[in-house]
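2 protein chains.
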Amino acid sequence: MTEGPLSGLRILELGHFVAAPFATRLLGDLGAEIIKIEPPAGDPVRQWGARHNGHAPWWSVHARNKRCIALDLKRPEARDIVLGLVRHCDALVENFRPGQLEKLGLGAAALKVARPDLVIARVSGYGQDGPYRDRAAFGVIGEAIGGLRHLTDHPPGTTDLPPVRVGVSLGDSVAGIYAALGVVAALWRRDRRQGPPGPGAEVDVALTESVFSLLEGALPEYGTLGTVRQPAGGGIATAAPTNAYRARDGIWVLIAANSEPLFRRLATLMQQPGLLEDPRFAGNQARVAHVAELDARIGAWAAGFDGATLEGMLAEADIPSTRAFTVADCADDPQFRARAMVREVEDPLHGTVLHPGMVPRIDGAVPPPRSTGPVIGADTDAVLGELLGLPPERLAALAADGVLRRGG
Amino acid sequence: MTEGPLSGLRILELGHFVAAPFATRLLGDLGAEIIKIEPPAGDPVRQWGARHNGHAPWWSVHARNKRCIALDLKRPEARDIVLGLVRHCDALVENFRPGQLEKLGLGAAALKVARPDLVIARVSGYGQDGPYRDRAAFGVIGEAIGGLRHLTDHPPGTTDLPPVRVGVSLGDSVAGIYAALGVVAALWRRDRRQGPPGPGAEVDVALTESVFSLLEGALPEYGTLGTVRQPAGGGIATAAPTNAYRARDGIWVLIAANSEPLFRRLATLMQQPGLLEDPRFAGNQARVAHVAELDARIGAWAAGFDGATLEGMLAEADIPSTRAFTVADCADDPQFRARAMVREVEDPLHGTVLHPGMVPRIDGAVPPPRSTGPVIGADTDAVLGELLGLPPERLAALAADGVLRRGG
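Chains as they are written, first to last, in the working numbering: chain A, 157 to 564; chain B, 157 to 564.
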């Protein structure tokens with residue numbers, strides 16, 4: 157089994173829900189050892205969504221490559237255990253509400269006493285300072301403040317339906333990736349061979365800002381020209397034709413034919429050479445100006461075929477296209493399968509579970525998970541024994557006292 | 157001015173459009189020196205979207221902290237210059253179609269001869285191997301294959317309108333963040349103090365896989381239970397009420413009141429205590445089952461107020477809520493301003509430009525950009541002089557011969 161590039165690092169997660177746990181999942185995929193601290197009742201994600209064998213299948217993936225220990229952080233003994241673990245860790249990733257860790261006696265100052273060169277990554281809704289710092293973080297609110305929700309909509313006047321949610325916890329996930337990036341960047345500075353050992357760091361990632369970072373040129377365009385970017389529905393405001401068109405059987409098929417050669421190929425495939433002579437569709441700019449008519453023409457044509465037929469015809473004509481994949485389509489996709497982006501993994505809690513692979517892939521390696529998400533407290537004994545030398549009697553006493561929870 | 161954590165690294169970008177240039181923009185924000193190689197006609201993004209003073213305002217941001225040199229990579233002399241630069245670089249980030257760099261004599265083997273411990277990050281539509289490897293990468297196609305497009309839609313049967321595009325080049329941007337993460341992870345392994353110097357690496361990031369990585373529990377749920385996640389429009393399939401509701405003046409206001417205390421506060425604010433006694437709305441599960449009726453009630457109430465009034469009332473009642481921010485709202489937001497997430501930057505090509513800040517923030521620092529996106533070839537002379545020792549006469553001859561382009 158290939159070791160990942162971050163092999164040798166040990167990272168403590170004080171996370172829950174999505175953002176911080178996703179950050180450590182990525183770091184664990186890259187080879188770091190992850191120790192996750194949960195409350196005795198477990199991370200709420202253990203119960204999110206549909207359950208199988210009493211457990212959320214998501215947990216199998218979300219907590220893979222993690223050693224899970226359960227502590228009641230309100231207890232001073234638990235606080236001391238955390239600080240003891242921090243001494244053995246390179247980084248800590250957390251997503252409590254700003255100020256919460258300080259209340260538990262686990263603020264940055266206390267953590268740095270335990271481990272002066274610790275890298276601390278803090279994920280929050282709005283960031284660790286500023287006037288919104290203390291607001292509760294809700295993903296859908298943060299995504300809207302980040303400017304994305306306004307754009308996931310049909311053009312103004314098209315429909316009375318609300319702008320859609322992206323459909324996943326986008327802000328949390330992107331914040332998690334940024335937190336992973338920040339952790340590794342700070343560790344590179346700390347650990348690099350050249351020069352004296354570097355300092356630790358505090359990494360501050362806001363969900364709102366993570367979403368806002370995705371807006372491309374919208375901010376500089378607004379600043380220089382005063383233009384406010386508006387939603388473009390299934391299309392792109394500056395290119396045509398590119399949209400989703402519904403096949404006879406209801407399947408949505410994406411067609412991106414917004415270059416001259418591609419548009420010619422599409423018109424030929426549609427057996428509508430008139431499209432190429434129509435001045436309304438001559439060149440991208442004209443097509444954008446008449447995109448509604450053009451999309452209607454393509455849509456009427458697409459509606460004459462089943463999705464699979466349409467996909468085949470478009471592929472044959474070498475026009476970028478695809479059905480809108482459901483997760484079932486993803487699971488069956490030959491490319492995802494070939495690159496182990498979808499793979500069967502054995503999980504003691506579930507049997508066989510489909511796991512997504514690892515992004516980014518390093519040196520072509522597609523290592524299987526070292527472990528799947530375990531039960532609450534599964535690794536309490538092992539981790540506290542190995543790193544802090546707590547003997548079984550002491551662990552039993554702390555468990556009886558409600559300071560920690562042992563798995564199994 | 158604070159140096160970023162990656163100060164001391166030099167990274168070569170052979171990128172265009174969004175993904176690879178976004179990766180190096182993030183690495184540059186974190187302090188790395190970035191050298192971007194463009195064709196003599198420039199990266200097409202220079203002309204994307206609206207223009208101001210003849211330049212895309214986006215360029216100011218997209219190429220900030222980058223030194224831009226222009227080379228015709230089809231010329232063998234240009235190839236030798238690239239290999240000469242690679243000797244002085246820690247990493248290279250590219251997003252050509254797989255195989256294209258090899259055709260130019262700049263494949264991984266040639267790059268490693270020049271710099272054996274180089275970290276090479278390759279961003280593509282589908283990855284560097286597998287049956288789809290050679291397909292052209294189109295963002296909207298990759299996002300659909302990644303399973304996201306299916307989810308950015310209203311529930312089946314709600315409307316004939318197509319599923320919307322997220323509204324930004326999401327797949328490219330997320331692939332760019334992953335590429336940055338992969339580069340830094342590989343550099344940590346290469347440069348860490350402990351043990352002998354490490355090897356370089358090849359980092360392989362696919363747009364489709366980057367999008368697919370955002371699907372949370374959808375894949376393991378499908379694998380264990382056979383459930384195929386479906387779109388939920390403006391809401392969330394497992395929580396209610398949380399949606400966007402239209403105010404009297406057309407502003408969409410997000411309200412997330414999907415917990416018992418929040419729902420009670422909302423019903424009180426709406427002066428509809430009956431909502432709390434209605435068995436259809438008793439508990440999250442019942443509310444999810446009757447979400448259409450519930451959303452209609454909230455929507456009818458919201459439509460009685462202007463957006464700003466509604467926002468104020470909801471904030472007063474401490475209910476998570478916000479208007480769907482346009483980029484103009486983002487630009488004015490006190491939190492974004494307080495954290496320098498929106499800031500005025502002087503740009504020689506534009507005057508004052510609004511730039512987004514840096515994610516992640518390290519040690520509280522919010523350094524202004526060291527430079528804004530320059531003209532084509534702006535740094536050709538300086539970079540090739542400094543790193544390769546090319547004298548002005550030689551540069552002039554290469555320019556006259558069309559091998560390179562010098563800035564204006």
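Note that the Cβ used here is the ideal one computed from N, Cα and C, for glycine as well. Quick caveat, the model's predicted, so the values are computed rather than measured.
Using alpha carbons as the reference points, say which of the options lies closest to residue i.
{"i": "A:S477", "options": "B:L182, B:V174, B:A175 and B:I301", "result": "B:I301"}
{"i": "A:I518", "options": "B:I276, B:G303 and B:L560", "result": "B:I276"}
{"i": "A:G313", "options": "B:G313, B:G298, B:G468 and B:I407", "result": "B:I407"}
{"i": "A:D273", "options": "A:G281, A:L505, A:I237 and A:P352", "result": "A:P352"}
{"i": "B:D537", "options": "B:P530, B:D360 and B:A552", "result": "B:A552"}
{"i": "A:A393", "options": "A:Q441, A:G255, A:H208 and A:G198", "result": "A:Q441"}
{"i": "B:N414", "options": "B:I475, B:G354, B:P200 and B:E358", "result": "B:I475"}
{"i": "A:A412", "options": "B:I297, B:G198 and B:D434", "result": "B:I297"}
{"i": "A:N116", "options": "A:L410, A:A396, A:G468 and A:H511", "result": "Outside the shown range of chain A (157 to 564) lies residue 116 of chain A, about which nothing can therefore be said."}
{"i": "A:E250", "options": "A:L410, A:R346 and A:H172", "result": "A:H172"}
{"i": "A:A357", "options": "A:G463, A:P504 and A:L267", "result": "A:L267"}
{"i": "B:L239", "options": "B:G261, B:A226, B:I225 and B:G255", "result": "B:G261"}
{"i": "A:P161", "options": "B:R243, B:A234, B:R348 and B:L257", "result": "B:R348"}
{"i": "B:G389", "options": "A:R321, A:L410, A:R346 and A:V531", "result": "A:R321"}
{"i": "B:R243", "options": "B:P387, B:R385, B:A464 and B:L543", "result": "B:L543"}
{"i": "B:A464", "options": "B:D405, B:P516 and B:R443", "result": "B:D405"}
{"i": "B:G439", "options": "B:V515, B:P417 and B:G468", "result": "B:P417"}
Since residue i and residue j are thought to touch, with beta carbons under 8 Å apart, how far apart are those beta carbons, to the nearest angstrom?
{"i": "B:V279", "j": "A:P376", "result": "B:V279 to A:P376, Cβ: 23 Å. No contact."}
{"i": "A:A175", "j": "A:K192", "result": "That belief does not hold up - the Cβ atoms of A:A175 and A:K192 are roughly 14 Å apart, past 8 Å."}
{"i": "A:C245", "j": "A:L170", "result": "The Cβ separation is near 11 Å, so there is no contact."}
{"i": "A:P524", "j": "A:R499", "result": "7 Å"}
{"i": "B:L381", "j": "A:H208", "result": "5 Å"}
{"i": "B:Y282", "j": "A:Q491", "result": "6 Å"}
{"i": "B:D309", "j": "B:V559", "result": "Actually they are not in contact, since the Cβ atoms of B:D309 and B:V559 sit about 50 Å apart, beyond 8 Å."}
{"i": "B:A403", "j": "B:A458", "result": "6 Å"}
{"i": "B:A342", "j": "B:V359", "result": "6 Å"}
{"i": "A:P387", "j": "A:H446", "result": "Not a contact, Cβ separation roughly 19 Å."}
{"i": "B:R479", "j": "B:V539", "result": "Between B:V539 and B:R479 the Cβ distance is about 46 Å, and since that is not below 8 Å, they are no contact."}
Can you tell me where the alpha helix (DSSP H) with residue i in it begins and where it stops?
{"i": "A:L170", "result": "First-last for A:L170: R166 to L170, but that is the beta strand (DSSP E), not the alpha helix (DSSP H)."}
{"i": "B:R402", "result": "Per DSSP, B:R402 belongs to no alpha helix (DSSP H); it is in the beta strand (DSSP E), T398 to R402."}
{"i": "B:H511", "result": "Not the alpha helix (DSSP H): B:H511 falls in the beta strand (DSSP E), residues G507 to P512."}
{"i": "B:V361", "result": "Unbroken run through B:V361 is the beta strand (DSSP E), A357 to A362; no alpha helix (DSSP H)."}
{"i": "A:V279", "result": "Element bounds for A:V279: not the alpha helix (DSSP H) but the beta strand (DSSP E), V275 to S280."}
{"i": "B:E433", "result": "G430 to E433"}
{"i": "B:E542", "result": "T536 to L544"}
{"i": "B:A521", "result": "No alpha helix (DSSP H) holds B:A521; DSSP gives it neither H nor E."}
{"i": "B:R499", "result": "Premise fails: B:R499 lies in the beta strand (DSSP E), V498 to D503, not in any alpha helix (DSSP H)."}
{"i": "B:A331", "result": "L326 to D347"}
{"i": "A:E258", "result": "Q256 to K259"}
{"i": "B:A552", "result": "P548 to A556"}
{"i": "A:G184", "result": "A175 to D185"}
{"i": "B:G263", "result": "Unbroken run through B:G263: none, as it is neither H nor E."}
{"i": "A:G379", "result": "A374 to L381"}
How is residue i classed by DSSP in three states: helix, strand or coil?
{"i": "B:R561", "result": "strand"}
{"i": "B:V531", "result": "coil"}
{"i": "A:K192", "result": "strand"}
{"i": "A:E159", "result": "coil"}
{"i": "B:V242", "result": "helix"}
{"i": "A:H218", "result": "helix"}
{"i": "A:A412", "result": "strand"}
{"i": "B:L248", "result": "strand"}
{"i": "B:I102", "result": "Limits of chain B in this structure are 157 at one end and 564 at the other, which puts residue 102 of chain B out of reach."}
{"i": "A:R207", "result": "coil"}
{"i": "B:R517", "result": "strand"}
{"i": "B:V395", "result": "According to the sequence provided, residue 395 of chain B is Ala. The question's Val does not apply to it. In the structure shown, B:A395 sits in a strand (DSSP, three-state: E or B)."}
{"i": "A:R420", "result": "helix"}
{"i": "B:Q386", "result": "coil"}
{"i": "B:G351", "result": "coil"}
{"i": "A:P490", "result": "helix"}
Grab the span of the beta strand (DSSP E) containing residue i for me, first residue to last.
{"i": "A:R223", "result": "K222 to L227"}
Subject >> Segments assigned alpha helix (DSSP H), at least 4 residues, entirely inside the stretch 438 to 483 of chain A >> reply: The stretch 438 to 483 of chain A contains, as complete alpha helix (DSSP H) runs of 4+ residues, the segments 440 to 445, 447 to 458 and 463 to 472 (chain order).
Original post:
Unbroken beta strand (DSSP E) runs of length 3 or more, entirely within the stretch 266 to 320 of chain B: which are they?
Top reply: 275 to 280
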